[in-house]
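Undergrad: Got a structure here, written out as structure tokens. Questions coming.
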Amino acid sequence: MTASDIQVEPFIDAYIKSFDRYSQVSFLGFRATPSMEIVEQIVEDIMELLFPGRSGALVFDDEAIRETVRLSMKKVAVRLENQIFLAWYHANPLQLPDGKEYPYRKMTSETIVRLLDALPTLRAMMKEDAKAAFDGDPAATSIRETIICYPGVKALTIHRIAHFLYDQKVPLIPRMLSETVHKQTGIDIHPGAKIGRCLFIDHGTGVVIGETTVIGNQVKLYQGVTLGALSFPKDACGSLVRGSKRHPTLEDRVTVYANATLLGDITIGENTIIGSSVWIKESVPANTLVQLEEPKIILRQLKPAQKPKDCPPVIT
4 MTASDIQVEP FIDAYIKSFD RYSQVSFLGF RATPSMEIVE QIVEDIMELL
54 FPGRSGALVF DDEAIRETVR LSMKKVAVRL ENQIFLAWYH ANPLQLPDGK
104 EYPYRKMTSE TIVRLLDALP TLRAMMKEDA KAAFDGDPAA TSIRETIICY
154 PGVKALTIHR IAHFLYDQKV PLIPRMLSET VHKQTGIDIH PGAKIGRCLF
204 IDHGTGVVIG ETTVIGNQVK LYQGVTLGAL SFPKDACGSL VRGSKRHPTL
254 EDRVTVYANA TLLGDITIGE NTIIGSSVWI KESVPANTLV QLEEPKIILR
304 QLKPAQKPKD CPPVIT
């Protein structure tokens, strides 16, 4: 017997009953939600808008650049507007009855206008991030290479858009943007994190930056760094208290090396260097080097490997 031969009808009633057991776990009976698939497309559209030609499309003269930007900007605005509307309509913070869409349509269009107006400022910061990656990595051959290839640059680019929308109180979409890039790059930045200018995330794999993290200017983070929460305060009923500051603050020109873990509402003073693999739960003053005690290295002599008598012929 194969799956196509199985009769599913006997299982349906019991399964459907599970939909009513926990509030907000099921989407049945709720308004439509934004599409993760479309948001993933929007991420690529945003990257192309901010760095025309990044996807491989050719840009020629000034007039072609203007038309390319116009088309890209319109594409992002329309797609993002639809998804932001769905997010607000689904969350329904104004507690409006079904079918009353205009207030959310108006809020959405106003948000898109503010985002487009902010693009020059946001893009200037993104260019600084790309240059910081070039300046910080001797393996980089050009700033264009960091824009096309470096996961940290992409993660920061989308974060700056997601953070703007987060500040505008847009539900769902900022997190969907950040989780899309998390999946693509291995870098997990909550859209609420406040990040200054010229951040360089080298390699990036496994970097985690929590919601209430504050990062100053010219900071460097290496792979595996966690800027996380030490504990989660709860109210009298045992529910999590949300919105409190619970992640680290890194002041200007801090460097955090691979696999370091910084937890809680602590402050790392400016010009401080945090060595690899340390675990920090307390604030560190400015101009400090933090590192583990030098480990003991043990060298043991191994027997020489025996070469095979007859190597198989190379197949060409």
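Heads up: the sequence shown runs through residues 4 to 319, numbered per the numbering used here.
All residues carry an ideal CB built from backbone N, CA and C; glycine is no exception.
In its own chain, which residues sit with a C-beta less than 6 Å from the C-beta of K195, not counting the 5 before and 5 after it?
TA: A small fix is needed here, since residue 195 is Gly in this sequence, not Lys. Excluding residues within five positions, the ones whose Cβ falls inside 6 Å are Y169 and E214.
Undergrad: Our contact map puts T188 next to G207 with C-beta atoms below 8 Å; I'd like the distance itself, whole angstroms only.
TA: About 6 Å; that satisfies the 8 Å criterion.
Undergrad: Could you have a look at I115 and say whether DSSP puts it in helix, strand or coil?
TA: Reduced to three states, the DSSP call for I115 is helix.
Undergrad: With burial defined as no fewer than 16 other Cβ atoms inside 10 Å of the residue's Cβ, what is the status of G227: buried or exposed?
TA: Answer is buried; the Cβ neighbour count reaches 16.
Undergrad: What are the complete beta strand (DSSP E) segments, minimum 3 residues, inside the region 128–186?
TA: Runs found: none.
Undergrad: Which one or two residues does DSSP pair with L253 in a beta bridge?
TA: Its beta-bridge partners are I218 and I271.
Undergrad: Residues in the same chain with beta-carbon distance under 7 Å from C201, minus the five sequence neighbours each way, listed in chain order, please.
TA: Once the five neighbours on either side are set aside, the close Cβ partners of C201 are E131, D132, A135, N220 and Q221.
Undergrad: So what does DSSP say about F22, is it helix, strand or coil?
TA: DSSP places F22 in helix when its eight states are reduced to three.
Undergrad: Cβ of S181 within 8 Å of Cβ of A165?
TA: Cβ distance < 8 Å, so S181 and A165 count as in contact.
Undergrad: Give me whichever residues DSSP pairs with V259 in a beta bridge.
TA: DSSP lists L224 and I277 as partners of V259.
Undergrad: Less than 8 Å between the CB atoms is what I'm expecting for D65 and G139, so what's the real figure, rounded?
TA: So it is not a contact: roughly 32 Å between Cβ atoms.
Undergrad: For Q86, tell me which candidate among L74, K103, Q98 and R108 has the shortest Cα-Cα distance.
TA: The option with the nearest alpha carbon to Q86 is R108.
Undergrad: Looking only at its own chain, which residues have a Cβ that is under 8 Å from the Cβ of G278, when we skip the five neighbours before and after it?
TA: Correct list, in chain order: Y260, A263, L292, V293, Q294 and L295.
Undergrad: Measure the alpha-carbon distance for I115 versus A80 and round it to whole angstroms.
TA: Taking the straight line from one Cα to the other gives about 7 Å.
Undergrad: Where do the N-terminal and C-terminal ends of the alpha helix (DSSP H) with T71 fall, by residue?
TA: Taken as a continuous stretch (DSSP letters only), the alpha helix (DSSP H) holding T71 covers D65 to A94.
Undergrad: Hey, quick one: how far does the alpha helix (DSSP H) through L52 stretch, first residue to last?
TA: Start and end: M39 to L53.
Undergrad: Considering only their Cβ atoms, is the gap separating F203 from G272 smaller than 8 Å?
TA: No, the pair does not count as a contact, with Cβ atoms beyond the cut-off.
Undergrad: Figure out for me which residue from R34, E254, K20 and R178 has the closest Cα to the Cα of R96.
TA: Position check: residue 96 holds Pro in this sequence, whereas Arg was assumed. The residue with the shortest Cα to Cα distance from P96 is R34.
Undergrad: Cα separation between V287 and P311?
TA: Cα to Cα, V287 sits roughly 56 Å from P311.
Undergrad: Applying the criterion that 16 or more other CB atoms from any shown protein chain within 10 Å of the CB defines a buried residue, is R163 buried or exposed?
TA: Burial call: buried.
Undergrad: How many angstroms separate the CA atom of E12 from the CA atom of P55?
TA: Cα to Cα, E12 sits roughly 53 Å from P55.
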